[in-house]
DNA sequence: CTAAGTCACCTTTTT
DNA sequence: GGTGACTTAG
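In the numbering used here, the protein residues as written are 55 to 763.
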């Protein structure tokens, strides 16, 4: 490894070993380089075993990248090193140790929709009003309690009224059922390891001895259990290397506590503090703008980024008529830069505050035939059809999992309705629902239903044995054949069903991919990977596509050209209805957005915006625009408004005009051929004969047709 | 019990 | 504009 390529501060951070250390690493200051060099240094120069190193990152993708980069830096085999997210490391520890708390190691990880489903059944079982205790907000309350490490008992004794008491009661029951389902939720992955460490000192000691040196990335976004986890593990050796930037703390709403980083020295006595303040990423103008914004915050550590880079382009402001116009103007600007500077689409990033904003932009990109990549939003593994298949796999691995059982006992339909399912739940008292059902001869339900249930259970049993012995990707195909899933979708004969089946096929290729990339593949390993997978993990910015995502997802990334859309009052900074508005966190979010850019930032806002597909609501520009000094803006007063931007007759639009005879895809009706077009422009009526032999007359601007080339 | 249709709610941000 | 929960006719 070549230490000479680091600047003085970075060298300090890398070479200083022994005792706790906190590095304030500003945006673009070479934080990842420091972390990878530090690990390389520990291994190559200090002689530490890779297996004694623990590195925590914020995403799986970051973990993977870090592994590869360390691998490239050292000559030693780094196979034994542990790099992962808090959640994946928690899951890893729990697979080994959670039997101490009464779970089986094949536990299922519930995502938020599973947790919500479980909360809902509990509210129903307790005969509570679903309006009063709505599953979603109850689940959020439980999650907040877990993340502040409050037990149901504590919540119960602290409760001031019957309402709070009931929440505590639901929480208690929720935990009980998680256990009998042999399942853990996301929060448990952080909290349960701590519970084990506190109850079994010898287990804690084992991990303290294993993880001699601990590195934590994005320390500003740690919450209470994460803070506690690191503190416990490092207690013996006091070798913690934390890297973060309080200005980029944007997960307060999820329990992240900025004081973890601001009070590092109180937690770890005799710790060293270092600041990386040279920015290698952005232009002077971008940094100045970012500074003007973030320096308004009161609750922050004292530091200031500087750069040797050129001043660069000024920040451009786009003022649009509405959200569709905003999208068009952004696309125009991108095409303009692409043509004049000969850039490819993968240099461009479009950011927004809420996922819902992506739709208008996506529509415009599709109409103009520009390829794009959207991160987040409706996630692949959250799609109904994919979740159904995963529920089968989860039940096969873990027959205690009633949430998955409920999901698929009657999918595809096998004559088991609500009444039957209720009876099953009342009759089967063993945690293992499959074994329980096999034992009972008379379920007090119809002959047909009994027969159907027995068949179902036998099938699950048979496949559970097969999955033990054979490769998952092979067994799953047989399994899907057996339940006739392909026919189920094919018989519906709609484009939508066809999409659903192709998603399932994609899911199967995901299993194959997993088996090829993992050195010890198993079905449960696959399921764990899938539960902890986030969209950002699969981001591929080498394709020639524009990338779009929320600002939250963009943390840690960099792009040449960054567009921040929807800078409007109420949208960004977002208006909170019931909570105090956390303007400082919103401002940090804006800071994160600005500092993603290497060359040029464009801010945009619309004068009216539709929400929930309803009527357009007038909007005004965000206060954040005013927080950037005029001299850093290209067009401070905002460009004079003319309607040409919102007309659809410019070059961009004409590229995708429809013609008779073309084959198009409609999201619901599927593929079809255009028979005739009446009228011109966005209001024209298009007659299409769809391939399922239905004929529809659609209006161009609403139909959202995609042309098949 | 099933399938198709209607309705309400939704939108902060995510592991 | 899209999803999931609930309703109603077979």
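The beta-carbon is built from N, C-alpha and C at its ideal position, and this holds for glycine as well.
Thinking C-beta only, is residue j closer than 8 Å to residue i?
i, j, result
"residue 261", "residue 287", "yes"
"residue 586", "residue 114", "yes"
"residue 139", "residue 109", "no"
"residue 106", "residue 201", "no"
"residue 744", "residue 724", "yes"
"residue 328", "residue 81", "no"
"residue 627", "residue 537", "no"
"residue 283", "residue 314", "no"
"residue 539", "residue 558", "yes"
"residue 292", "residue 74", "yes"
"residue 620", "residue 407", "yes"
"residue 353", "residue 420", "no"
"residue 510", "residue 577", "no"
"residue 573", "residue 306", "no"
"residue 647", "residue 608", "yes"
"residue 332", "residue 83", "yes"
"residue 269", "residue 77", "no"
"residue 8", "residue 453", "What is shown of the chain runs 55 to 763, which leaves residue 8 out entirely."
"residue 103", "residue 238", "no"
"residue 641", "residue 302", "no"
Here's a check: name, in chain order, each residue in its chain whose Cβ is nearer than 8 Å to the Cβ of residue i, leaving out the five neighbours to either side.
i, result
"residue 708", "With a pLDDT of 31 at residue 708, under the threshold of 50, the modelled position of this residue cannot be trusted; read the value that follows with caution. Once the five neighbours on either side are set aside, residue 708 has no close Cβ partner at all."
"residue 141", "240, 243, 244 and 586"
"residue 464", "470, 471 and 475"
"residue 614", "397, 401, 402, 651, 652, 653 and 654"
"residue 55", "91, 94, 95, 98, 127 and 128"
"residue 693", "With a pLDDT of only 45 at residue 693, under the threshold of 50, the placement of this residue in the model should not be trusted; the figure read from the coordinates follows. Within the same chain, residue 693 has close Cβ partners 371, 372 and 373."
So which of the options has the shortest CA-CA distance to residue i?
i, options, result
"residue 667", "376, 69 and 400", "376"
"residue 385", "368, 394 and 404", "404"
"residue 350", "127, 639 and 433", "639"
"residue 382", "761, 92, 90 and 659", "659"
"residue 296", "307, 325 and 305", "325"
"residue 370", "205, 452 and 679", "679"
"residue 339", "361, 310, 501 and 354", "361"
"residue 492", "514, 174 and 181", "514"
"residue 431", "174, 103 and 410", "410"
"residue 380", "690, 656, 609 and 726", "656"
"residue 677", "356, 571 and 629", "629"
"residue 69", "214, 505 and 88", "88"
"residue 365", "347, 343 and 348", "343"
"residue 673", "682, 663 and 681", "663"
"residue 194", "604, 174 and 529", "174"
"residue 4", "346, 612, 192 and 555", "Residue 4 lies beyond the range of the chain shown here (55 to 763); nothing can be said about it."
"residue 367", "217, 443 and 616", "616"
Could you pull out every residue in the same chain whose Cβ sits closer than 6 Å to the Cβ of residue i, ignoring the five residues on either side in sequence?
i, result
"residue 65", "none"
"residue 527", "565, 566 and 569"
"residue 86", "none"
"residue 227", "176"
"residue 298", "272, 273, 274 and 315"
"residue 727", "717 and 743"
"residue 589", "429, 430 and 433"
"residue 414", "377, 378 and 381"
"residue 700", "Summary for residue 700: the model assigns pLDDT 38, below 50, so the residue's position carries little reliability; its value from the coordinates is reported in the next sentence. Answer for residue 700: 375 and 379, listed in chain order."
"residue 67", "77, 88 and 328"
"residue 618", "405, 647 and 657"
"residue 136", "108"
Identify, in the order they occur along the chain, each residue of the same chain with its Cβ nearer than 7 Å to the Cβ of residue i, setting aside the five sequence neighbours on each side.
i, result
"residue 665", "671"
"residue 595", "400 and 601"
"residue 704", "Because residue 704 sits at a pLDDT of 35, beneath the cut-off of 50, its placement in the model cannot be relied upon, and the following sentence gives the value as read from the coordinates. Taken in chain order, the list of residues that qualify is empty."
"residue 542", "466"
"residue 606", "304"
"residue 684", "690"
- Task: Specify whether the stretch 594-609 and the stretch 159-166 touch according to this definition: at least 3 beta carbon pairs, one from each stretch, less than 8 Å apart.
- Result: At 8 Å Cβ cutoff, the stretches do not touch.
- Item | Every unbroken beta strand (DSSP E) within the stretch 279-306, with a cutoff of 3 residues, ordered by chain | Complete beta strand (DSSP E) runs here, min 3: 294-298.
- Start-end ranges of the beta strand (DSSP E) lying completely within the stretch 406-478, minimum 3 residues: List check, beta strand (DSSP E) in window: 426-428.
- Message: Any contact between the stretch 250-267 and the stretch 217-224? By contact I mean 3 or more CB pairs, one from each, below 8 Å.
- Response: The stretch 250-267 makes no contact with the stretch 217-224: fewer than 3 CB pairs, one atom from each, lie closer than 8 Å.
- Does the stretch 453-463 touch the stretch 474-488, meaning 3 or more C-beta pairs lie closer than 8 Å? Below 8 Å, enough C-beta pairs join the stretch 474-488 and the stretch 453-463 to call them touching: three or more.
- Item | 4-residue-minimum alpha helix (DSSP H) runs that sit fully inside the stretch 482-539, ordered along the chain | Those alpha helix (DSSP H) runs which fall completely within the stretch 482-539 and span 4+ residues are 487-493, 501-523 and 526-536.
- Task: Within the stretch 551-631, note down every full alpha helix (DSSP H) run reaching 4 residues or more, in order along the chain.
- Result: With a minimum length of 4 residues, the continuous alpha helix (DSSP H) runs that stay inside the stretch 551-631 are 577-585.
- Message: List, from N- to C-terminal side, the beta strand (DSSP E) runs of 3 residues or more that fit wholly inside the stretch 359-412.
- Response: For the stretch 359-412, whole beta strand (DSSP E) runs of length 3 or above, ordered along the chain, are 370-374 and 402-406.
- Segments assigned alpha helix (DSSP H), at least 4 residues, entirely inside the stretch 116-199: Scanning the stretch 116-199 from its first residue to its last, the whole alpha helix (DSSP H) runs of 4-plus residues come out as 140-151 and 166-179.
- Item | Start-end ranges of the alpha helix (DSSP H) lying completely within the stretch 325-360, minimum 4 residues | Listed in chain order, the complete alpha helix (DSSP H) runs (minimum 4 residues) inside the stretch 325-360 are 338-348.
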